[in-house]
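Counting along the sequence shown from 1, when you hit position 75 you're at 408 in my numbering, and nothing is skipped either side.
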Amino acid sequence: MKKILTLFILTITIGYFATSCKKETFKGGQNNRTIKFLLYTNKDFSNNTDSINFTIRVRNENKTIEFDSLVKTIRIKDIPGPANKFVFTKAVPDDGTVLTAGFLYNIKNVGISWYLDTVGVTRKEKTIEFAFQ
């Protein structure tokens with residue numbers, strides 16, 4: 334009987350904390366901002382067979398909005414030119430804060446770098462265009 338009572342109290346306590354936690358979920362709709370990411374190169378990398386990983390990142394100062402997503406792992410020579418850009422679109426909640434958004438990239442055996450820009454408080458749409466060098 335003591336085990337049943339302990340289990341019951343534990344279940345109620347877990348249920349209480351699970352329902353009282355503040356959960357912020359984003360549902361697409363009117364209160365969002367749209368960020369379009371464009372990735373390409375203007376240089377000739379046709380002889381460079383090194384691998385590169387591209388990640389798109391969006392976050393605000395408070396890190397209440399934080400999004401990182403690996404979008405491409407390719408060889409550097411396969412990065413398209415301006416006529417065939419890679420295009421990625423991300424909708425994020427409009428919480429009235431400045432966002433930092435852009436690309437992180439990692440070249441195997443070389444290192445990590447980035448291209449980041451800001452999305453102002455009043456901007457509902459932003460295009461971040463990155464010409465890889």
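By construction, the Cβ of each residue, glycine as well, lies at the ideal position given by its N, Cα and C atoms.
Small disclaimer: the values here were computed from a predicted structure and weren't measured.
query: Three-state secondary structure (DSSP) of Ile409; result: helix
query: Contact belief for Val452 with Leu432 at Cβ below 8 Å, rounded distance in angstroms; result: 4 Å
query: Neighbour-count burial assignment, Ala351, 16 or more Cβ in a 10 Å radius; result: The pLDDT assigned to Ala351 is 45, lower than 50, so where the model puts this residue is not dependable, and the model offers no usable value.
query: Inter-residue Cα distance where the pair is Asn380 and Thr367; result: 36 Å
query: Own chain partners of Pro415 with C-beta closer than 6 Å, once the 5 adjacent residues on each side are dropped; result: Tyr373
query: One or two residues paired with Ile445 in a DSSP bridge; result: Asn439
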